[in-house]
Amino acid sequence: MKIEKSFQIDAPQHQVWEFLSSPERVGECFPGCEHVTPLGDNKYKAAIKVEIGPIKTIFNIDFEENEKRPPEFLAYSSHGEESHKASRLKAVSTLSLSPVDESRTQVVYTSELSIVGRLGKFGAGMMKKKADALGDEFADELRRQILGPAGAPAEAGAERPALSSRQKWAALAVAAAIIVLLAWFITR
């Protein structure tokens, strides 16, 4: 299944890239993200708790960078499964950032995605309802984190340690993996 989605953030491109370059900060924005762990060799893992109807599970997602062009583009592949191995996910994805103007950024992601198992067979109505709620929470928290509590752009990197190049692309991959998972729920 092909997925393409976009949204805007009221912050400059470099600030959005920097934020999405911090695995811990991105994880804080997604409901149910339990942790992001570096695995070495340009690979990372994220654990995301998902509750859909009677199903409560954790998805463990591994991802690896294929290409990056800061501050505008990242391509990566990911795969994951439920903690009970009842569903599996594979995706090849891209994440692009482009300035709308000096103070707004367009975020576009695409993914070629497949999911099999019990969640692949779940009812589309319930999936859409849950995806809409998770998507709204993620977008709201992402904007709140980037813009700060007053709605004005937060200082880039304020009170945060400098990140290595690997950590930056990994955070973008985590963000894109989370977005892909949300998009899958939305399009089911």
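If you count by the working numbering, then the sequence shown holds residues 43 to 230, one letter each, in order.
C-beta: ideal position from N, C-alpha, C; glycine also.
Original post:
Would you say the stretch 116-125 touches the stretch 181-192, given that touching needs at least three Cβ pairs under 8 Å?
Top reply: no
Original post:
Would the stretch 144-164 and the stretch 67-79 be scored as touching if the rule is three or more Cβ pairs under 8 Å?
Top reply: no
Subject >> CB contact flag (E124, I100, <8 Å) >> reply: Here residue 124 corresponds to residue number 82 of the sequence shown, with the count starting at 1. Here residue 100 corresponds to residue number 58 of the sequence shown, with the count starting at 1. Yes, they are a contact pair.
Original post:
Terminal residues of the continuous alpha helix (DSSP H) containing H121?
Top reply: Position 79 of the sequence shown, counted from the start, is the residue given in the question as residue 121. Unbroken run through H121 is the beta strand (DSSP E), F115 to E124; no alpha helix (DSSP H).
Original post:
Between V92, I188 and S138, which lies nearest to K47 when the distance is taken from Cα to Cα?
Top reply: As a working mapping, residue 47 is identified with position 5 in the sequence shown. Nearest option by C-alpha distance: S138.
Subject >> Residue nearest to F49 in terms of C-alpha spacing, selected from V158, T152, H121 and R160 >> reply: If you number the sequence shown from 1, residue 49 lands on position 7. Answer by Cα proximity: T152.
Original post:
What separation, rounded to the nearest whole angstrom, lies between the Cα atoms of T136 and Y86?
Top reply: Within the sequence shown, residue 136 is the residue found at index 94, counting from 1. Within the sequence shown, residue 86 is the residue found at index 44, counting from 1. C-alpha separation (whole angstroms): 16 Å.
Subject >> For L155: DSSP bridge partner residues >> reply: Locating residue 155 in the sequence shown gives position 113, counting from the first residue. In the DSSP output, where bridge partners are listed per residue, L155 has A133.
Original post:
Under three-state DSSP, which class holds A128?
Top reply: Position 86 of the sequence shown, counted from the first residue, corresponds to residue 128. Reduced to three states, the DSSP call for A128 is coil.
Original post:
Quick one: what does DSSP say E143 is sitting in, helix, strand or coil?
Top reply: Position 101 of the sequence shown holds residue 143. For the record, residue 143 in the displayed sequence is Asp; it is not Glu. Note: D143 maps to strand in three-state DSSP.
Subject >> Helix, strand or coil at G69 [DSSP, three-state] >> reply: Position 27 of the sequence shown, counted from the first residue, corresponds to residue 69. Helix.
Original post:
Taking the Cβ atom as the reference point for each residue, do I103 and G74 lie within a distance shorter than 8 Å?
Top reply: Translated into the one-based positions of the sequence shown, residue 103 becomes position 61. Translated into the one-based positions of the sequence shown, residue 74 becomes position 32. Contact flag unset, no.
Original post:
How many angstroms separate the CA atom of E109 from the CA atom of S156?
Top reply: Taking the first residue of the sequence shown as 1, we reach residue 109 at position 67. Taking the first residue of the sequence shown as 1, we reach residue 156 at position 114. When rounded, the distance between both Cα atoms is 21 Å.
Original post:
Assuming E187 and F72 make a contact with CB atoms under 8 Å, what is their CB distance in whole Å?
Top reply: Counted from its first residue, the sequence shown places residue 187 at position 145. Counted from its first residue, the sequence shown places residue 72 at position 30. For the record, residue 187 in the displayed sequence is Gln; it is not Glu. Rounded, the Cβ-Cβ distance is 11 Å, inconsistent with contact.
Original post:
Contact check, V92 vs R130 under 8 Å by CB: the rounded distance?
Top reply: Taking the sequence shown and counting its residues from 1, one reaches residue 92 at position 50. Taking the sequence shown and counting its residues from 1, one reaches residue 130 at position 88. In fact, because the Cβ distance is near 14 Å, the residues do not count as touching under 8 Å.
**OP:** Along the beta strand (DSSP E) that carries L81, what are the first and last residues, could you check?
**Re:** Stepping through the sequence shown from its first residue, residue 81 is reached at position 39. Run containing L81: C75 to G82, per the beta strand (DSSP E) assignment.
Original post:
Comparing alpha-carbon positions, which option in F105, P141 and R160 lies nearest K132?
Top reply: Against the sequence shown, residue 132 aligns to sequence position 90. Nearest of F105, P141 and R160 to K132, Cα basis: F105.
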